[in-house]
Structure formats: structure tokens, C-alpha cells
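Heads up: the structure comes next, in C-alpha cells.
Rendered as C-alpha cells:
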């Protein structure tokens with residue numbers, strides 16, 4: 001399929017993607033942008049957590065100090081913000097507006113707390129939740145990733161159960177037990193929503 005199928009509209013759609021850590025959401029979003037580089041872009045969220053190995057500032061996240069983040073909160077610069085595992089995360093209002101105005105569809109990867117805040121403020125956005133096949137499989141993936149110690153992994157697993165319980169508030173749910181099949185479902189959602197927006201279906 002042509003890389004120009006998606007996007008290039010007067011104003012791009014906003015797709016909000018949530019999933020427990022280790023579910024494969026970042027890999028799937030990267031696949032989407034690689035296939036449709038001219039029509040889909042990922043929003044860069046802000047955080048106060050330290051970069052992980054391989055993460056690139058202003059690509060994966062905009063890394064801020066606590067003081068910088070709280071100053072932006074005071075100035076109402078965030079569409080949503082949460083504090084999770086001791087770190088702030090937030091979506092800058094200006095970032096979303098600018099990307100949508102470019103005509104590209106925007107993919108925003110955020111946790112369920114932030115997504116539910118956005119659902120109240122931007123009900124026209126499309127909300128997609130990606131689940132692991134099971135909590136045990138998620139545990140295996142997190143240990144293989146080796147980016148956090150065992151205590152943090154267990155904390156994330158406990159939190160993931162809360163996130164999965166909130167999946168019912170999303171427009172679409174995908175269970176990622178096969179990466180390629182799950183990706184095809186994700187891209188189909190974006191294509192269908194674009195056609196719906198254009199009034200071609």
C-alpha cells in the first residue's frame with residue numbers, strides 16, 4: 001500500500017494509544033511511522049524521568065527537570081499530565097495543535113490516566129488500547145527487556161492490571177499475541193478512521 005494513503009488532510013486525526021509497559025506499543029507505532037512517514041507522526045511527550053539506554057531526547061521524550069515541568073503545569077501548557085512511578089509525564093498542548101495542523105495524523109502514546117483526561121477534553125480523538133496475551137507473558141517480556149530491576153517490574157505488573165481494567169473506556173482494543181497480526185489491526189484502524197473522517201465510507 002502506498003506510503004501516502006494516510007494523512008495529508010486539512011487537519012490530522014489524533015490517535016491515543018495506551019498499553020502496559022512491555023506490550024509492544026512502541027514497536028507497533030514505529031512500524032506505523034516507517035510505513036507511512038508522510039502521513040503519520042508520533043507526538044513527543046514530556047517527562048521528568050531519566051532517559052533509558054537508546055532513547056533520544058526530543059524524539060522519544062522531551063526530558064525536563066521537575067522545576068521545568070511544574071512551571072509548565074502552572075502555565076497550563078499541558079493537555080494532560082500525570083505522576084507515575086515518581087516521575088511526571090505530560091502532553092504539551094502546542095505540540096498536538098502544531099502536528100495536527102500539519103495535516104498528518106498524530107499518534108500519542110500515553111498511560112491510561114492521561115488518556116482518560118484527554119477523553120474528556122478531546123472526545124473526537126480515537127482511543128486504542130493494546131493488551132498483552134496475559135500478565136505472565138507481560139512479566140516475561142519485562143524481564144527480557146532488562147531496563148528495570150525486579151521490584152520495579154513487579155510494581156509495573158501491579159499497575160498493568162489497573163490499566164487493563166480501564167481498557168473498556170477505549171474505542172478499540174488489540175491483544176498483541178502476534179506482533180505482525182496486531183500491527184495489521186492497528187494500521188487498519190487508522191485507515192478506517194481516515195476514510196470515516198473523509199466521508200468515503
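In the numbering used here, the protein residues as written are 1 to 201. Cβ coordinates follow ideal geometry from the N, Cα and C atoms, glycine included.
Residue burial classification, residue 4 (beta-carbon count within 10 angstroms, cutoff 16): For residue 4, the pLDDT reaches just 44, beneath the cut-off of 50, and the residue's location in the model is therefore unreliable, although a value from the coordinates is still provided. When all chains shown are included, residue 4 counts as exposed.
Residue 59 in three-state terms, based on DSSP: coil
Segments assigned beta strand (DSSP E), at least 3 residues, entirely inside the region 7 to 32: 14 to 18
Whole-angstrom C-beta distance between residue 109 and residue 40, which should lie under 8 Å: Not quite, the Cβ-Cβ distance comes to about 13 Å (not below 8 Å), so this is no contact.
Identity of the residues DSSP links to residue 272 by a beta bridge: Any question about residue 272 goes unanswered here, given that the chain covers just 1 to 201.
Identified DSSP bridge partners for residue 172: 128
Where residue 119 falls: helix, strand or coil (DSSP): helix
Separation of residue 62 from residue 38, as counted between CA atoms: 22 Å
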